[in-house]
Ligand SMILES: NC(=O)c1ccc[n+]([C@@H]2O[C@H](COP(=O)([O-])OP(=O)(O)OC[C@H]3O[C@@H](n4cnc5c(N)ncnc54)[C@H](OP(=O)(O)O)[C@@H]3O)[C@@H](O)[C@H]2O)c1
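Spelled out as structure tokens, the structure:
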């Protein structure tokens, strides 16, 4: 199909492309904030229809040449998985020769806005708009994306649109350097999925210690929420508690013995974290042979 040469003014509203967890949550929140959601485009028609039902607005489209209607939207929100952003941007760019007056945003934390280069080359203003938030399901995202912090990077016109969306969602925006997007994303990785893994390790150890299954998760959730609060209020150094900060080498030795017996896989994790902790706490080196 030949790209359309039409440059008719776009309609005020958003098209969501790749409506997974984030796309659907964002779509519903924007619709609730009275932003017209015009189209929702997915690889499969059934997925697009389901996403439209969740969002509550929009016309379902299938990504591909038949998605030419996307060119009618003033704003395209690309919420596909990171690996698909560049190729989908290229495919969408091919739908029209002239994208002037359109804004295209992607929500990847690790990719810079230049992943949308094919659209920029055809006149679109592009930017990346990344919520520093975890969205394990669309439903959870509707709750957690309100008031969260958003990393923004890209062209001025697109950033204006991004800022408006952030304001509508009661959030706070900050700028990220495009060349630092991967590092920025690694920072997010270090304090979210890794925390889940550490909590899961703790849960298993609690279970082995006899803590009832129904208590382990809520108990850990309170513990971690309080830790996070102390980190925010006091900073890392003062939020640290436990035997490493006290230099209680006897307890640490007993931890390691118990872990070697009950959860040997946890020993290297414990040691790496302990070393970092001792450094942060300004403790002298532990007795020889402990680490
Ligand atoms: N979830 C989070 O916590 C979170 C937080 C911040 C930022 N983000 C970012 O937001 C973006 C989306 O993440 P997500 O968690 O919402 O992912 P997701 O739930 O896996 O959804 C990704 C969507 O992209 C679609 N997709 C994949 N390849 C495609 C292609 N070639 N053409 C068209 N659609 C395609 C998938 O369609 P199918 O259903 O057909 O596979 C799916 O609907 C990512 O860039 C991610 O880094 C996510």
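In the working numbering, the protein residues as written are 3 to 293.
For every residue, glycine included, the Cβ atom is placed at its ideal position computed from N, Cα and C.
Being a predicted model, the structure only gives us computed values, none of them experimental.
What are the start and end residues of the alpha helix (DSSP H) that includes residue i?
i, result
"residue 247", "245 to 248"
"residue 180", "No alpha helix (DSSP H) holds residue 180; DSSP gives it neither H nor E."
"residue 54", "47 to 57"
"residue 98", "No alpha helix (DSSP H) contains residue 98, which DSSP labels as neither H nor E."
"residue 233", "215 to 236"
"residue 137", "Looking at the DSSP string, residue 137 is not in any alpha helix (DSSP H), and its letter there is neither H nor E."
"residue 260", "251 to 264"
"residue 294", "As shown, the chain starts at 3 and ends at 293. That puts residue 294 outside it, with no answer to give."
"residue 289", "Here residue 289 belongs to no alpha helix (DSSP H), and DSSP marks it neither H nor E."
"residue 205", "195 to 210"
Taking the beta strand (DSSP E) that residue i belongs to, which residues open and close that run?
i, result
"residue 14", "13 to 19"
"residue 328", "Examination of residue 328 is not possible in this model, given that the chain is present from 3 through 293 alone."
"residue 133", "127 to 133"
"residue 113", "Per DSSP, residue 113 belongs to no beta strand (DSSP E) and is neither H nor E."
"residue 42", "39 to 44"
"residue 27", "Premise fails: residue 27 lies in the alpha helix (DSSP H), 23 to 34, not in any beta strand (DSSP E)."
Beta-carbon within less than 6 Å of residue i's beta-carbon, same chain only, minus the 5 sequence neighbours each way: which residues are those?
i, result
"residue 280", "246"
"residue 3", "Note that residue 3 scores a pLDDT of 49, beneath 50, so its modelled location is shaky; the value from the coordinates is reported in the next line. Here the set comprises 67."
"residue 15", "38, 40, 75"
"residue 122", "128"
"residue 92", "120"
"residue 276", "246"
"residue 224", "none"
"residue 69", "43, 63"
"residue 125", "100, 101, 102"
"residue 185", "none"
Leaving out five residues on either side along the sequence, give the residues of the same chain with a beta carbon under 7 Å from the beta carbon of residue i.
i, result
"residue 144", "27, 30, 31"
"residue 56", "26, 30, 140"
"residue 208", "218"
"residue 11", "103"
"residue 187", "111, 112"
"residue 194", "136"
"residue 54", "42, 60, 62"
"residue 161", "129, 154"
"residue 51", "62"
Who are the Cβ neighbours of residue i in its own chain at under 8 Å, not counting the five residues just before and after it?
i, result
"residue 242", "279, 282, 283"
"residue 72", "17, 19, 41, 43, 63, 78, 94, 97"
"residue 83", "20, 22"
"residue 177", "153, 154, 155"
"residue 272", "257, 258, 261"
"residue 165", "154, 175"
"residue 138", "23"
"residue 190", "111, 134"
"residue 269", "258, 261, 262"
Taking only heavy atoms of ligand 2 into account, decide whether any of them is closer than 7 Å to the Cβ of residue i.
i, result
"residue 23", "Annotation note on ligand 2: not contained in the displayed structure, which lists ligand 1 as its ligands."
Measuring CA to CA, which of the options is closest to residue i?
i, options, result
"residue 81", "267, 148, 231, 24", "24"
"residue 2", "123, 124, 138, 106", "A question about residue 2 goes unanswered here, because the residues of the chain that appear run from 3 up to 293."
"residue 252", "46, 288, 224", "288"
"residue 175", "223, 163, 60", "163"
"residue 204", "101, 264, 21", "264"
"residue 86", "61, 112, 101", "112"
"residue 59", "229, 33, 228, 291", "33"
"residue 133", "232, 249, 169", "169"
"residue 179", "90, 250, 115", "115"
"residue 239", "45, 101, 196, 285", "285"
"residue 173", "274, 147, 158, 185", "147"
"residue 13", "101, 200, 226", "101"
"residue 149", "270, 171, 210, 214", "171"
"residue 291", "270, 255, 266, 268", "255"
"residue 108", "201, 190, 46, 183", "183"
"residue 88", "118, 196, 65", "118"
"residue 36", "232, 198, 167, 206", "167"
"residue 226", "250, 197, 237, 45", "197"
Checklist entry - Taking only runs of the alpha helix (DSSP H) that begin and end inside the stretch 139 to 193, which ones reach a length of at least 4 residues, in chain order? => result List check, alpha helix (DSSP H) in window: 140 to 146, 158 to 170, 183 to 192.
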